[in-house]
Structures are given as structure tokens and as C-alpha cells.
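Enquirer: Mind having a look at this structure? Questions to follow.
Protein chains: 2
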Amino acid sequence: MSDQKQIHSSSLRTSPLLVSEIGSFHVGGEMLSLHGMPLRERISTNQGAVHRVNPNGEIIAGQMYVQYVKLERPTARWPLLLWHGGGMTGVNWETTPDGRPGWQMFFLRAGLDVYVSDAVERGRASWAPYPEVYADAPYFRTAQEAWEETFRFGPAGSWHRDPASRHPHDGVRFPVDQMEAFMNQFAPRWATNNERTQRAYDALVDKLDGSIILTHSQGGNFGLTAALHAPDRVKAVISLEPSGAPTADGNNAAALRHVPHLFVWGDYLDQHSFWVDSVPKVRRWHDALAAAGTDVEWIDLPARGIKGNSHALMADDNSDDIAMIVLDWLRRRGFAA
Amino acid sequence: MSDQKQIHSSSLRTSPLLVSEIGSFHVGGEMLSLHGMPLRERISTNQGAVHRVNPNGEIIAGQMYVQYVKLERPTARWPLLLWHGGGMTGVNWETTPDGRPGWQMFFLRAGLDVYVSDAVERGRASWAPYPEVYADAPYFRTAQEAWEETFRFGPAGSWHRDPASRHPHDGVRFPVDQMEAFMNQFAPRWATNNERTQRAYDALVDKLDGSIILTHSQGGNFGLTAALHAPDRVKAVISLEPSGAPTADGNNAAALRHVPHLFVWGDYLDQHSFWVDSVPKVRRWHDALAAAGTDVEWIDLPARGIKGNSHALMADDNSDDIAMIVLDWLRRRGFAA
Chain A
1 MSDQKQIHSS SLRTSPLLVS EIGSFHVGGE MLSLHGMPLR ERISTNQGAV HRVNPNGEII
61 AGQMYVQYVK LERPTARWPL LLWHGGGMTG VNWETTPDGR PGWQMFFLRA GLDVYVSDAV
121 ERGRASWAPY PEVYADAPYF RTAQEAWEET FRFGPAGSWH RDPASRHPHD GVRFPVDQME
181 AFMNQFAPRW ATNNERTQRA YDALVDKLDG SIILTHSQGG NFGLTAALHA PDRVKAVISL
241 EPSGAPTADG NNAAALRHVP HLFVWGDYLD QHSFWVDSVP KVRRWHDALA AAGTDVEWID
301 LPARGIKGNS HALMADDNSD DIAMIVLDWL RRRGFAA
Chain B
1001 MSDQKQIHSS SLRTSPLLVS EIGSFHVGGE MLSLHGMPLR ERISTNQGAV HRVNPNGEII
1061 AGQMYVQYVK LERPTARWPL LLWHGGGMTG VNWETTPDGR PGWQMFFLRA GLDVYVSDAV
1121 ERGRASWAPY PEVYADAPYF RTAQEAWEET FRFGPAGSWH RDPASRHPHD GVRFPVDQME
1181 AFMNQFAPRW ATNNERTQRA YDALVDKLDG SIILTHSQGG NFGLTAALHA PDRVKAVISL
1241 EPSGAPTADG NNAAALRHVP HLFVWGDYLD QHSFWVDSVP KVRRWHDALA AAGTDVEWID
1301 LPARGIKGNS HALMADDNSD DIAMIVLDWL RRRGFAA
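Protein chains in written order, with our numbering: chain A, 1 to 337; chain B, 1001 to 1337.
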């Protein structure tokens, strides 16, 4: 790496930002009227009186939260949209479990306006009652599911409540002594809100003149599908370990011929059945894009000598290095200065 | 107002920020083990297979989310903590329903580092299952409750789903045509989490060397109580229409003799029974602080000729003017430059 490149890399970690505005909005909400629920009795403050509460009436459901940080002088034409994975919120991009700046800061320092969203049903998007609006009850991810299956911090049977008894994968780059900080970021998830979520993401893309979408995990299918729904507005798609992808159907990928795609994958994928099942489905969409003539890259980090990354690439201790790989990909295509 | 003051006031609305870091953390979470719940069957993606999910195991509960924006060159010694009201999240401070910058931007431009939190149970703090962890089901605020009672946008009977049929108070400063945008910010609330919430707020205060707390509504009692719990760390307390306050008990307010307090109140308080009941309880705490010799100010905006403010002072169309009153109060005490 040249001296100049090293200086630039260092400033991506420490330089201040000149920010014109921090703000937020919601997209996709619609007003619903709830009827027929019984009155409830509530005590709202300590030692307060019991008062009756009528839960019937109008509420909003289906909205998604979008926070933006706009630079005074962005050096990129299109903003970067950061879309989290399942059972998560935009906090994933804001900080790492070991307390370093997240990818939101990294890409702001790289000169892009950044929009971080909380998808329908979680975080600042809020959520709606079930079974009145959502069909079913939510799921609360357990530490074991996260550690042994979804995030691949360790093999089956290696999670224990006692930190001294936890056995992560050899060489894993996730800061396993910060598991509790990572769990603080978890949010309940529903299995019944995919259509609502896609509609809200599509509404966000429609609201902007153009954007680059960067997703993680469950966000992957939403991002790849949003590009398929708006190939003129979505300028590029970066998918960190997407857990799903659109189904290749005839030549549907041809609409994305001019939209560059990047897929990035970590380590231990062959040791966890969820990922053994999931990766080939995504690979088929990659192949359909490639067959359509799309500029598409599939980065297998271990094959490049970058070993030990978990599913939480933006939370691993080399998260800045992974971000730099993404930034270089954007730079080579003119999406970043 | 002098020319110089006007220029300064204008720059508070438009000047860019030099930001050293945007980030976040959680405080107050603890790991719990859930047992004895039946397995569930879930379909995680469209057309996916049914797979079994074990909801038992470790989760985190009781955590609060705190987002900070740190300036490269803050001009105030202590950061400002913005604590939202009930059934709300930190989004209240980030934007207004009519799309203007919120108080987060205002006070950053005024030179203070700003910490915006989502309290336990809402927003990016996440929430925990009931009845396993929380004792009861949450409440979803209806538009009618918000419009006619809590936020005082219009009198009883004046809410209608059809916007053309809504009848707000004469002269109300809330942008009533943006009611849906405001409702997008609502979050479910529990009536059983006051102690968890106070613990997390206290943990935040303990984590910082010193801070100024600015609260709204339900956040009021948490902020006033946090100051009582840590009178050396809390440098000032600003309460926008607190819905509750500590109980004056002997000379408990004496601990706050050196902590300036400001209370700010809007209009129509005598026309809504919730507020007719609530204000005197808060006034008793104000009086106890005053009797203890605390620097305490009670601003009745209509008595100053500022009419039409709803309960949502930071969302009303004169929100910047209200923020300026707060900033002037801080400046006169040396808490802002």
C-alpha cells in the first residue's frame, strides 16, 4: 500500500465530518382503524389511579424509519442506504460491539451521504399489535441461536451463559467477549411481515432520485428485490451475506444489466446448516445476474486470505478492513471519490 | 433583538456542524434465561420450509439505547441528554412532523454535544417478551388519545379519521395537517417498566462525568429523579411539560440546591383533565425545589404571550423559538456559549 493510500485509510478512521444536517423521516405507514377490543385498566405512574384505556381507534402501521446524515460537501453523487438484517436495527451500522465507529461513520468519512433505516416492525419504525394487524407473535432471538447458527461465532454446543465456558471458532474475528453488547442490539422479529417490509423499502427508493443499497443478511433479499423493482433508481447493490435472493425467472435479471452488484462472504459457511442451505440460493441469483451481463462480483473473504469473519462482518474486529474492500469496489466504479 | 443576536439565531438554523463522531451504546441490560416455553414452527422466508424454533435460552432485557453526536469543538462543558416522553422514542428530537430539523440539530448548532436516547422498551432499546419478562401487554396509543388528551391538539370529540373533519384548538401551533407523520413516531408502551427505565437512565448519568438533562412528558419524572439520585453529576434539568415529578418528602429537594431547574408549559392546560390533574403534582416539586433554595424557573408560555403550544413543544411550528428560550436559560447560567 502506498504512503498516500495509507494516509487516506487513516483519515477514514479519524477525520471530522462537516455535516449539513442530521434528521429522519418515516415512509410507508398507513392509518388503520381498530375495533372491538375490550377496554383495559391501566396505572400509568407509581401510586397513580386506575384509569380506563380504550385501545380501539386509529393507529399507523407499516412505517419504516430512515435516519440521514447529509454532508456539507459530499464527494459522491448518490447516497448510501444501509439496511440491517433480521431481528436487528440500524444500530448495527452505528457502532461495533467493541465500541469502535461503525460503517455509518466510515462511509460518511469516505464522502457519501448515509441513510440508516430501521425496517418495519423494529427499532424506531415501531410495530403494530398482533393478531389485530400482524398475524402472529414475534420471535426473540436467543444467544444460542445467534452464536451457534445465524452469526457463526462458534460450533453447535459451544454457547454457554458463563463467558468462561463459551467456545468460539478458532480465529473468529467477532469480539466474543462483547457478546452482551451485541445482544443489546437485537430486536424482536416477526415471520409475517416480508411484504410490508419490501413495500416500505421500495417507498424509500422511490423517494430518492438515486441511491446505492448496502444490506446485511435478511436485508439482502429486500435490497436485491428493491433493485429489481427500480433498476433506474438503484445505482448499485452491495450484499453482505444475504440470507435470500430473488428467484431467477426467465430473464428477469436482465433488468439489472446496468446495476453493479457485489456479494461479500465470511468464514465457516460450510459448518452451519442454515448457511449450507442458504448460500446456493443466493449463488443462483448471482449467476442469473452474470448471465444477464451485469457487473457482478462475489467475494469469498477466506479465499482472499481474510479468515475468521463471522456473519456479522460489520461487527467483526476487522470491520474497517471489510468496509475498505467495499469502498474500493465503489471507487473503481465511480460511486465514491 | 439586536442584529448580532439575529445573525446568531439564524446560524442556529442553518450552519453546518463539525462532527468528530456519531455513535451509540446501550446501558442497563442484563442477561436472563427463559425456560419452559414450547417450541414454535416458523417459516422465515417466502416459500421457505417450516423449521422449529426454540424460544428458550438467554436474552438481554432492560437495556436502553443512547445515540451521541460529538462535536469536534464543543463550546459547552457538559453534553445535553434528550429524553423523550411516553410511547415515544428519540425520533421526537431528530425531526419535526413538518420536516424541519429537530432539537438535536438545534443544540448541536448551539455548541453542545447531544445524546438522544430511546428508553427501555421502545425504539432501538428493543423490548422483552411478556408475560415472561414484562408483566403485561403493551398499549398502542390511538390518534384520538393523542389528539384530544395527551397532546392537546383539539378538544374532546374533535378527532376524526377524515382530515377534513378534524377540529383542532383555535391557534394551535402543532402542524395538524402532519398528524400522520407524528403518529409514525409513536411506539408501544408498557405500564409496568418504570423501575427498569429509571435504572437505565441512572446508569446513563453514572456513565458520564456530568450532563444536562432535557426531558419531555413521561421523561420528566425520570429526569427529575435521576437528578435526585446523582445531584453531583446532573448539572441542570429542563423539563418540558413533565407528566410527573418526585414526591416532596421532608427536605429531599435540598440535595438539588445547586442544580438549576427549568419547567416549560404550553397552552390549553386547563381544558384537558389529564393535565388539570398532573400540573399541580409537578408544581409541588417545583415549590419544594424553590423552598430548598434551588435556582428554579417555571415558564408559562401563554403568560409570556406565546400562545397555542400543544404538549408537543418540540414538534410545534414554533419549536425553534421554544428551543431558543431554553438555550437562553442555559446561556445565562454558563451552560452554553
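Virtual Cβ for every residue (Gly too), placed ideally from N, Cα, C.
DSSP has Leu214/A in a bridge; who is on the other side?
Expert: Looking at the DSSP assignment, Leu214/A forms a beta bridge with Leu82/A, Ile238/A.
Enquirer: Under the rule that 16 or more other beta-carbon atoms within 10 Å means buried, what is Leu313/A, buried or exposed?
Expert: Looking at its Cβ environment, which holds 16 or more other Cβ atoms inside 10 Å, Leu313/A is buried.
Enquirer: Where does the unbroken alpha helix (DSSP H) through Trp285/A begin, and where does it stop?
Expert: Taken as a continuous stretch (DSSP letters only), the alpha helix (DSSP H) holding Trp285/A covers 273–291.
Enquirer: I need the boundaries of the alpha helix (DSSP H) containing Met1324/B, first residue and last residue.
Expert: Run containing Met1324/B: 1319–1332, per the alpha helix (DSSP H) assignment.
Enquirer: Just to confirm, are Phe1174/B and Ser1310/B a CB contact at a threshold of 8 Å?
Expert: Yes. Within cutoff.
Enquirer: Taking the alpha carbon of His1084/B as the point to measure from, which residue in Asn1092/B, Trp1078/B, His1035/B has its own alpha carbon closest?
Expert: Considering only alpha carbons, the answer is Asn1092/B.
Enquirer: Output yes if chain A places a C-beta closer than 8 Å to the C-beta of Pro1101/B; else output no.
Expert: It does; some Cβ of chain A falls within 8 Å.
Enquirer: Is the beta carbon of Pro1055/B sitting closer than 8 Å to the one on Phe140/A?
Expert: Contact flag set, yes.
Enquirer: What three-state label does DSSP hand Pro168/A in the structure shown?
Expert: If DSSP states are grouped into helix, strand and coil, Pro168/A belongs with coil.
Enquirer: Assign Glu1030/B to buried or exposed, taking buried as 16 or more other Cβ atoms, counted over all protein chains shown, within 10 Å of its Cβ.
Expert: Glu1030/B should be labelled exposed.
Enquirer: Taking the continuous alpha helix (DSSP H) assigned at Phe263/A, which residues delimit it?
Expert: Note, Phe263/A: premise wrong, no alpha helix (DSSP H); beta strand (DSSP E) at 261–265.
Enquirer: Please determine if the stretch 52–66 of chain A and the stretch 108–128 of chain A are in contact, where contact requires at least 3 C-beta pairs separated by less than 8 Å.
Expert: The stretch 52–66 of chain A is in contact with the stretch 108–128 of chain A.
Enquirer: Cα separation between Gly1087/B and Pro1188/B?
Expert: Going from the Cα of Gly1087/B to the Cα of Pro1188/B covers about 5 Å.
Enquirer: Identify every residue that forms a DSSP beta bridge with Ser1126/B.
Expert: Its beta-bridge partners do not exist; DSSP assigns none.
Enquirer: What does the Cβ neighbour count give for Asp136/A, buried or exposed, with the cut at 16 atoms within 10 Å?
Expert: Exposed, by the Cβ-count rule.
Enquirer: Hey, is Ser1020/B's beta-carbon within less than 8 Å of any beta-carbon in chain A?
Expert: Ser1020/B counts as touching chain A.
Enquirer: For Val1069/B, tell me which candidate among Leu1032/B, His1051/B, Arg1109/B has the shortest Cα-Cα distance.
Expert: With distances taken between Cα atoms, Val1069/B lies closest to Arg1109/B.
Enquirer: Starting from the beta carbon of Thr1089/B, find every residue of chain A whose beta carbon is closer than 9 Å, and list them in chain order.
Expert: Result: Tyr65, Gly123, Arg124, Ser126.
Enquirer: Run through chain B and tell me which residues come within less than 8 Å of Arg52/A, C-beta to C-beta.
Expert: What Arg52/A touches in chain B: nothing, since even the nearest Cβ is about 11 Å away.
Enquirer: Is it true that the CB of Val1296/B sits closer than 8 Å to the CB of Ala1303/B?
Expert: The answer is no: Cβ separation not under 8 Å.
Enquirer: With 8 Å as the threshold, decide whether the Cβ of Thr1225/B is near any Cβ in chain A.
Expert: It does not; no Cβ of chain A falls within 8 Å.
Enquirer: Any chance the stretch 256–269 of chain A sits against the stretch 320–328 of chain A, with 3 or more Cβ pairs inside 8 Å?
Expert: They touch, by the three-pair rule.
Enquirer: Under 8 Å between C-beta atoms, does Glu1297/B make it to chain A?
Expert: Glu1297/B does not count as touching chain A.
Enquirer: Three-state secondary structure (DSSP) at Lys207/A?
Expert: Three-state DSSP puts Lys207/A in a helix.
Enquirer: Under 8 Å by Cβ, that's how I've got Gly1219/B and Arg1257/B pegged, so tell me the actual separation to the nearest angstrom.
Expert: 23 Å between Cβ atoms; not a contact.
Enquirer: DSSP three-state label for Pro101/A, please.
Expert: It is a strand residue.
Enquirer: I want to verify the contact list: residues of chain A whose CB lies under 8 Å from the CB of Arg1042/B, in sequence order.
Expert: Near Arg1042/B (Cβ distances below 8 Å), the residues of chain A are Tyr139, Ala191.
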